[in-house]
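K.L.:
The structure's right below; bear with me while I get my questions together.
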Amino acid sequence: MHRSTAVGAAVVALAGLVLAGCTPGDEPAILVEGSPDRFLDPVHVTLTGLPPGEDVQVRAEVRSDLTWRSSATYTADDRGRVDLDTATPRDAPFDEPDGTGLFWTLAPVDPADDAARTDAWFAREHTVRLTAHVDGVVVASADLHREDALSQVRVEPVEQDGMVGRWAVPTAWTPDPAKPVPAVLVFGGSEGGIDAAEEDAALTAYRGYPALAISYFASPGQPATLDEVPVETFLRALDWLRVQPGVDPERILTYGTSRGGEMALWLAAHRPDLVHGAIAPVGAHALMCSPDDCGPAWALGGVPLENLRVGFVSDYPPGDVPEGSPLVPVEDIRGPVVLACGGQDALWPSCTYAVHASTRLDDLRPGDHELVYEPDADHFVSASPMIPRGLDDPATAQATHRARVAFSAALDDALRRSVR
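Just so you know, the sequence shown maps onto residues -20 to -1, 1 to 400 in mature numbering (1 follows the signal peptide of the UniProt record, and there is no 0).
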């Protein structure tokens, strides 16, 4: 099953559309539909009043400490319109219709600034200037303000009971015991540490839900590698999260990416008393072996948990897991399950497990789950949409971004459906 979240339909007329006093339809104009300010929300851009059948180059530019630019050329239809959601570009760094293409293909004007891609989009607000060019002349423009996501979130360290954590909450949230909300336990993958989990937790808080990010290895006081990592690390974090003011202890979701995905599913399946649902992009519904020597990656009570002794590279097609695999009983998960994968994942066979897990859920527990499966996408399908990050391979970039949009919508949907 594959759903997406509808975007609001109100048309936003932006100040400075050009040619003051003109209305859409009699002079070139750029119209924006959706929520331009919201960092994670897609926007829908339509050009009107263009010469029918003429080429128009649409450019995007962001100026902060750096200058970023992108462009795409389209042909106006017989009504003089170009809808970026449905129009096929004639000349662009993406091949298929994509209303967000100008955003995720933004690139620094100076290639030496490319290293700044990682944090710029989270740490500051920015304005995207859109311009329409016909025969080299600017005929319309519009400014889109995109807010700083991190300014809407408060993040505090949590270091107790051996935990290495970060507690992320919406700045506008006031805990109300009478109206508790779902919360999310977030952890990363084989990179270890807390950085990736902290980012995902902050963006979960930006969506409106408190989230606790934790490290489970490669931080002080923890195993140095993904070898016999104690499940108790996660259980202690769940205990802490469940007693936080304003948190609904019956609506805790686990959110683990890649290697973290298997533990997100394992916790939700084996501890339904603590976990309501699971988010597991590019994860597995089997406990895999450690990446170094294929020994046990996880342990409970000091006893290694049974794992699947195959490495990260597999010839198994999507949905065809090795016979006799010690699978997580995902059908025992009480609440929503979100899976996502890319068929061109070069890091490990995530679609082998995601497709099989989805089929198992369809067969044994139909209903509250969603699979985002993009055959041409790579491993990084759960990163934030609308930003130019981790999309450097032209062969997979557009499909990967398409998966990001779908995963973001599925995550929003699962969180909303967890509210009581």
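For glycine and all other residues, C-beta sits at the position ideal for the given N, C-alpha and C. Keep in mind that this is a model prediction, so the values were computed, not measured.
For the segment 214 to 225 against the segment 180 to 194, do three or more pairs of beta-carbon atoms, one drawn from each stretch, fall closer than 8 Å, so that the two count as touching?
P.N.:
They touch, by the three-pair rule.
K.L.:
The beta strand (DSSP E) that contains Phe214, what's its start and end?
P.N.:
From DSSP, Phe214 is part of no beta strand (DSSP E) but of the alpha helix (DSSP H) over Glu212 to Arg222.
K.L.:
If you check the beta carbons only, do Arg231 and Pro162 fall under 7 Å apart?
P.N.:
Contact flag set, yes.
K.L.:
Using the beta-carbon count (16 or more within 10 Å), is Gln202 buried or exposed?
P.N.:
Gln202 should be labelled buried.
K.L.:
Could you have a look at Asp343 and say whether DSSP puts it in helix, strand or coil?
P.N.:
Helix.
K.L.:
Going by C-alpha to C-alpha distance, which of His125, Gly263, Leu206 and Ala386 sits closest to Glu171?
P.N.:
Comparing Cα-Cα distances from Glu171 to each of His125, Gly263, Leu206 and Ala386, the minimum goes to Leu206.
K.L.:
Compute the beta-carbon to beta-carbon distance between Val38 and Leu110, rounded to the nearest angstrom, for a pair I have assumed lies under 8 Å.
P.N.:
So it is a contact: roughly 7 Å between Cβ atoms.
K.L.:
Can you give me the C-alpha to C-alpha distance between Val89 and His125, rounded to a whole angstrom?
P.N.:
The alpha-carbon atoms of Val89 and His125 are separated by roughly 20 Å.
K.L.:
Can you give the Cα-Cα distance for Ser15 and Val23, rounded to whole angstroms?
P.N.:
Their backbone Cα atoms lie some 6 Å apart in a straight line.
K.L.:
Measure from the alpha carbon of Asp356 to the alpha carbon of each residue in Arg43, Asp342, His349 and Gly322, then state which is nearest.
P.N.:
Minimum Cα distance to Asp356 is reached at Gly322.
K.L.:
Leaving out five residues before and five after Gly236 in sequence, what residues of the same chain have Cβ atoms less than 7 Å from its Cβ?
P.N.:
Contacts found: Phe167, Met243, Ala244, Ala260 and Gly263.
K.L.:
Given a cut-off of 7 Å, decide if Ala248 and Ser305 are closer than it, judged by their beta-carbon atoms.
P.N.:
The answer is no: Cβ separation not under 7 Å.
K.L.:
Could I get the ranges of all uninterrupted beta strand (DSSP E) runs contained in the segment 60 to 116, with 3 residues as the minimum, in chain order?
P.N.:
Runs of the beta strand (DSSP E) inside the segment 60 to 116: 106 to 114.
K.L.:
Among Ile174, Asp57, Pro316 and Ala217, which residue has its Cα nearest to the Cα of Thr140?
P.N.:
Residue identity check: residue 140 is Gln in the sequence provided, not Thr. Among Ile174, Asp57, Pro316 and Ala217, the Cα nearest to that of Gln140 is on Ala217.
K.L.:
Below 8 Å, can you find three or more Cβ-Cβ pairs linking the segment 53 to 68 to the segment 25 to 32?
P.N.:
Touching, per the Cβ criterion.
K.L.:
Please state if the CB of Gly315 and the CB of Gly257 are separated by a distance shorter than 7 Å.
P.N.:
For Gly257 and Gly315, yes; Cβs fall inside 7 Å.
K.L.:
Exposed or buried, Ser398, counting other C-beta atoms within 10 Å across all chains shown (16 or more means buried)?
P.N.:
Flag for Ser398 reads buried.
K.L.:
Bridge partners for Tyr333 per DSSP, in chain order?
P.N.:
Answer is none; Tyr333 lacks a bridge partner.
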